[in-house]
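Q: The structure under discussion is supplied below as structure tokens; questions concerning it will follow.
Residue numbers (UniProt numbering): 1 to 952.
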């Protein structure tokens with residue numbers, strides 16, 4: 001029978017859509033299982049064959065779980081806000097909503113062609129107002145919450161206000177931006193504006209001046225992962241470090257819980273380690289160094305307008321070896337302490353540093369640069385003068401933005417000191433323990449009053465550290481401290497295409513909109529660029545002000561700051577909507593809540609999450625943070641959003657290259673290059689055949705600059721290209737469109753082939769030539785059910801061998817799916833079909849379970865064959881075949897029979913046959929008689945289940 005994949009796949013995709021086969025109900029007596037794919041961003045380029053890899057794996061598992069009797073939630077939607085759509089809008093004038101809608105339609109068409117069992121009735125789009133209404137609602141909850149370190153959870157801001165009213169800041173243990181001190185009486189006497197500014201110091205969503213990645217060309221702040229080598233990932237525009245007033249999320253309040261939670265989830269160790277490193281927990285001490293401003297050569301101390309600099313160190317025991325301090329160039333105290341003589345050098349250095357991203361600065365371990373501020377600090381342990389430098393290897397957001405340099409014990413400190421040796425403000429590189437610094441040293445009153453470390457003699461590291469901490473606390477200049485590298489997450493973007501922040505301003509103080517005003521929808525604007533005054537694109541809106549009395553959006557011309565106030569002009573970052581989307585899928589159309597209690601009680605959290613490892617820190621940390629916050633406030637029950645996570649590997653593309661002679665438009669065939677200087681250029685793989693020959697005419701038409709190209713061909717008159725396996729990307733012209741594969745070979749073939757390429761979590765190269773083997777297998781599988789053009793299914797009882805083939809496959813497929821070893825399942829299918837074909841098996845008792853077994857992998861052909869077998873309805877919820885061990889238990893054995901150790905023949909005998917019976921049968925066999933030649937054997941040795949040896 002001819003296997004017509006086009007008709008079969010179109011037929012069953014239509015059936016699934018019309019019958020809503022995969023629609024999931026929240027009320028079910030079945031056990032639940034929630035399978036989720038990471039939120040896709042619908043780009044204009046559509047899908048290439050690398051994108052569906054994770055979706056196919058999750059779909060196999062979702063379908064398998066339905067067969068196993070679970071109520072499966074397997075939803076899909078779109079992370080549809082983002083910078084690419086906005087940049088396209090700027091270039092073309094088209095509204096981002098239009099291009100986003102078109103891109104989504106294209107994605108949906110491609111996804112449907114591959115046959116995924118998504119519950120499309122729950123589709124969400126982050127750019128739809130009915131979705132971002134609830135993103136705004138969560139923001140408001142965060143704004144009206146603070147983190148109580150004593151109860152170790154977020155609480156309503158009302159409880160903090162009550163504490164202030166009764167006790168001021170006394171006995172307050174809160175996550176905060178800076179440490180404040182005031183009494184209950186003082187709180188009561190503060191103005192409303194003063195109170196609101198104080199509360200911003202504690203809110204989980206707050207405004208603060210923050211160093212950001214500012215891209216003037218794009219007119220917006222960029223996340224670290226949107227900056228590559230100092231330029232924007234999109235467009236390649238310069239990016240600068242700049243201090244701006246921004247909305248932030250106090251994720252640092254959750255650092256410890258985010259760390260501890262990693263021990264409770266089934267994720268790969270590499271992902272967990274990435275998160276641990278990002279959070280960066282370290283134990284040490286916070287130490288205050290008194291600041292002196294000195295312009296004189298003899299370094300007599302002078303009064304400074306800065307009282308002290310606080311340093312966090314993981315090695316307080318090295319305080320006796322400190323010879324200088326280094327501050328981050330953007331440290332808030334730098335300009336306050338810098339002397340007039342050093343001011344210009346410091347300003348120039350700060351300007352130069354602003355052009356480097358923090359990621360670049362962290363990665364650069366070789367470049368040494370810095371400037372002396374002209375100021376000095378005093379070591380609290382020794383009284384030794386410490387010159388204060390700035391250096392870009394110190395980051396303002398890590399620790400306190402200041403480090404105490406110990407060249408004798410730290411390689412980077414040593415390299416820095418050696419590089420600047422002899423420069424003003426850099427002492428000689430010495431081991432401070434070997435120098436008598438008591439002469440002329442300034443010892444601060446209240447300090448250790450110890451000028452060397454003799455009192456630590458005989459102690460190990462832990463004892464010495466404890467003693468140092470004791471001295472620090474006793475003298476009031478330091479204390480033990482736990483520090484986290486993780487910083488609060490910047491939440492503002494100066495863009496148009498994002499969630500509006502539901503905030504308006506009275507006297508510069510932010511207030512949230514009432515919940516009844518949500519969603520605050522994106523206004524229409526004439527252009528998507530910043531205003532002439534430098535405001536974000538929303539500043540171009542004509543109707544974007546808040547009438548507090550009437551609770552409505554009105555014209556910006558009416559702003560009087562009395563009853564009508566300006567709205568926040570920044571939008572939320574791309575990660576806002578994707579930080580809670582799995583919860584909305586549970587109850588996607590609820591107009592009254594972001595998710596109902598009944599729905600969240602039933603689904604709890606995601607059982608299996610599949611997606612790329614590129615989200616190891618950002619998305620996963622923000623999602624876990626929001627999930628924990630919503631649990632703290634009583635809206636959900638689960639502490640962690642994703643129980644188990646699998647990171648699929650990347651499908652790599654095979655790129656093709658042509659070789660152009662430098663400075664010419666002449667291209668040299670690969671074998672003719674020799675010692676010629678050539679430039680390798682990516683060429684579209686569609687212009688290259690299976691023999692690596694370039695379509696020269698097609699190449700000339702491909703790009704205008706190649707129209708008059710000349711070619712140096714090989715001895716056969718061909719132009720042979722080079723190849724390299726690398727990331728599949730539109731920019732490398734090595735993309736394979738899944739639509740083409742589905743058209744030529746079928747979606748089931750694509751699904752099986754992507755699984756067959758190799759282990760799910762490993763990178764593997766795509767090779768379209770290899771797909772024909774999988775295509776041939778499916779045809780062979782299909783024809784097991786037919787004889788000629790007619791279905792031929794026998795109700796005859798299968799043989800032992802046929803049952804053994806089936807149950808070997810059941811055991812293998814079930815194990816492989818449970819362990820995500822999908823590639824070996826495909827191999828097992830091929831072996832089983834070959835074996836059944838040899839036996840000419842057409843038994844219903846074998847072929848029905850076979851159709852169910854392959855259904856998760858190749859659902860279209862399985863549905864068709866289920867119908868051929870005479871069944872109505874979908875195969876998708878038919879129980880998975882039960883494995884029975886008895887069919888794999890051997891009840892006979894083919895014994896090799898040897899004579900004096902040499903095997904002469906083999907014989908099949910029951911395994912439970914007594915040895916005496918085996919001996920009788922062996923002796924009676926004519927082949928034995930021929931070997932004995934009329935003689936009697938001396939002995940017959942029977943090794944049960946293994947061998948029979950006749951000793952002559």
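All C-beta atoms in this analysis are idealised placements derived from N, C-alpha and C, irrespective of residue type, glycine included.
State whether the segment 729 to 748 contacts the segment 637 to 655, with contact taken as three or more CB pairs (one from each stretch) at a distance under 8 Å.
A: Touching, yes.
Q: Starting from residue 85 and walking both ways along the alpha helix (DSSP H), at which residues does that stretch end?
A: Residues 83 to 92.
Q: Following the continuous alpha helix (DSSP H) through residue 346, name the residue where it begins and the one where it ends.
A: Run containing residue 346: 343 to 353, per the alpha helix (DSSP H) assignment.
Q: So the candidates are 35, 54, 31 and 8; which of them puts its Cα closest to the Cα of residue 611?
A: When only C-alpha atoms are compared, the closest one is 54.
Q: Taking the beta strand (DSSP E) that residue 969 falls in, what are its first and last residues?
A: A question about residue 969 goes unanswered here, because the residues of the chain that appear run from 1 up to 952.
Q: Cα separation between residue 438 and residue 383?
A: The pLDDT assigned to residue 438 is 35, lower than 50, so where the model puts this residue is not dependable; a value taken from the coordinates is nonetheless given after this. Roughly 8 Å between the two C-alpha positions.
Q: Within a Cβ cutoff of 8 Å, which residues of the same chain sit near residue 792, ignoring the five residues on either side of it in sequence?
A: The residues are 785, 786 and 842.
Q: Please report the Cβ distance between residue 523 and residue 543, rounded to the nearest whole angstrom; I am assuming they are in contact, meaning their Cβ atoms lie under 8 Å.
A: Yes, they are in contact, since the Cβ atoms of residue 523 and residue 543 sit about 6 Å apart, within 8 Å.
Q: Ignoring anything shorter than 4 residues, give me the alpha helix (DSSP H) runs that lie fully in the segment 697 to 771, in order along the chain.
A: The qualifying runs are 738 to 744 and 747 to 756.
Q: Going straight from the alpha carbon of residue 647 to that of residue 761, what length do you get?
A: Using only the alpha carbons, I get a separation of about 6 Å.
Q: Could you spell out where the beta strand (DSSP E) holding residue 553 opens and where it closes?
A: It spans 552 to 554 - the beta strand (DSSP E) in which residue 553 sits, taken as one unbroken run.
Q: Whole angstroms are fine: how far does the CA of residue 407 sit from the CA of residue 618?
A: The alpha-carbon atoms of residue 618 and residue 407 are separated by roughly 35 Å.
Q: Since residue 75 contacts residue 122 with CB under 8 Å, what's their CB separation in whole angstroms?
A: The Cβ separation is near 4 Å, so the contact holds.
Q: I believe residue 713 touches residue 699 by the beta-carbon criterion, under 8 Å. Please report the beta-carbon distance rounded to the nearest angstrom.
A: Residue 713 to residue 699, Cβ: 13 Å. No contact.
Q: Can you say whether residue 431 is buried or exposed, counting buried as having 16 or more other CB atoms within 10 angstroms of its CB?
A: Only weak support exists for where residue 431 lies, its pLDDT of 36 falling under 50; the value from the coordinates is given anyway. The residue is exposed, with fewer than 16 neighbouring Cβ atoms inside 10 Å.
Q: Mind checking who residue 483 pairs with in its DSSP beta bridge?
A: For residue 483, which the question treats as bridged, DSSP gives the partners 282.
Q: Skipping 5 residues on each side, what residues in its chain have a beta carbon closer than 7 Å to that of residue 839?
A: Excluding sequence neighbours, residue 839 sits near 801 and 802.
Q: Check the C-beta distance from residue 657 over to residue 682 and give it rounded, since I have them as a contact under 8 Å.
A: That pair is a contact at about 6 Å.
Q: Do you know how far the Cα of residue 579 is from the Cα of residue 626?
A: If I take the Cα positions, the gap works out to 7 Å.
Q: Identify which residue in 764, 60 and 137 has its Cα closest to the Cα of residue 727.
A: The residue with the shortest Cα to Cα distance from residue 727 is 764.
Q: Per DSSP, what kind of secondary structure is residue 362 in: helix, strand or coil?
A: Residue state, collapsed to three classes: helix.
Q: Please classify residue 904: does DSSP put it in a helix, a strand, or coil?
A: DSSP places residue 904 in strand when its eight states are reduced to three.
Q: Is it buried or exposed for residue 886, if we count other Cβ within 10 angstroms and need 16 for buried?
A: The residue is exposed, with fewer than 16 neighbouring Cβ atoms inside 10 Å.
Q: Grab the span of the alpha helix (DSSP H) containing residue 682 for me, first residue to last.
A: Segment 678 to 683 is the beta strand (DSSP E) holding residue 682; no alpha helix (DSSP H) there.
Q: Is the number of C-beta pairs between the segment 661 to 681 and the segment 191 to 201 that are closer than 8 Å three or more?
A: The segment 661 to 681 is not in contact with the segment 191 to 201.
Q: Have a look at residue 602 and residue 155 and give me their C-alpha separation to the nearest angstrom.
A: Cα to Cα, the separation comes out at about 25 Å.
Q: In the DSSP output, what is residue 478 paired with across the bridge?
A: For residue 478, which the question treats as bridged, DSSP gives the partners 287.
Q: Buried or exposed: residue 848, going by 16 or more other Cβ atoms within 10 Å of its Cβ?
A: Buried, because 16 or more other Cβ atoms sit within 10 Å of the Cβ of residue 848.
Q: Can you name the start and end residues of the beta strand (DSSP E) that residue 249 belongs to?
A: Segment 240 to 249, the beta strand (DSSP E) holding residue 249.
Q: Less than 7 Å between C-beta atoms, sequence neighbours within five positions excluded: which residues of the same chain meet that for residue 396?
A: Excluding positions up to five away in sequence, the list reads 211, 328, 330 and 331.
Q: Of the residues 930, 180, 364 and 859, which one's Cα is nearest the Cα of residue 877?
A: When each option's Cα is compared against that of residue 877, the closest is 859.
Q: Could you tell me the distance, in whole angstroms, from the CA atom of residue 496 to the CA atom of residue 218?
A: If I take the Cα positions, the gap works out to 11 Å.
Q: Measuring straight from C-alpha to C-alpha, what distance separates residue 13 and residue 866?
A: The alpha-carbon atoms of residue 13 and residue 866 are separated by roughly 15 Å.
Q: Scan the UniProt domain "Methionyl/Leucyl tRNA synthetase" (38 to 143) and note each continuous alpha helix (DSSP H) run of 4 residues or more that stays entirely inside, going in chain order.
A: Listed in chain order, the complete alpha helix (DSSP H) runs (minimum 4 residues) inside the UniProt domain "Methionyl/Leucyl tRNA synthetase" (38 to 143) are 52 to 67, 83 to 92, 96 to 114 and 129 to 143.
Q: Straight-line CA distance for residue 68 to residue 879?
A: Rounded to the nearest angstrom, the two C-alpha atoms are 6 Å apart.
Q: Is the beta carbon of residue 375 less than 9 Å from the beta carbon of residue 292?
A: Yes; because the gap between Cβ atoms is below 9 Å, this pair is in contact.
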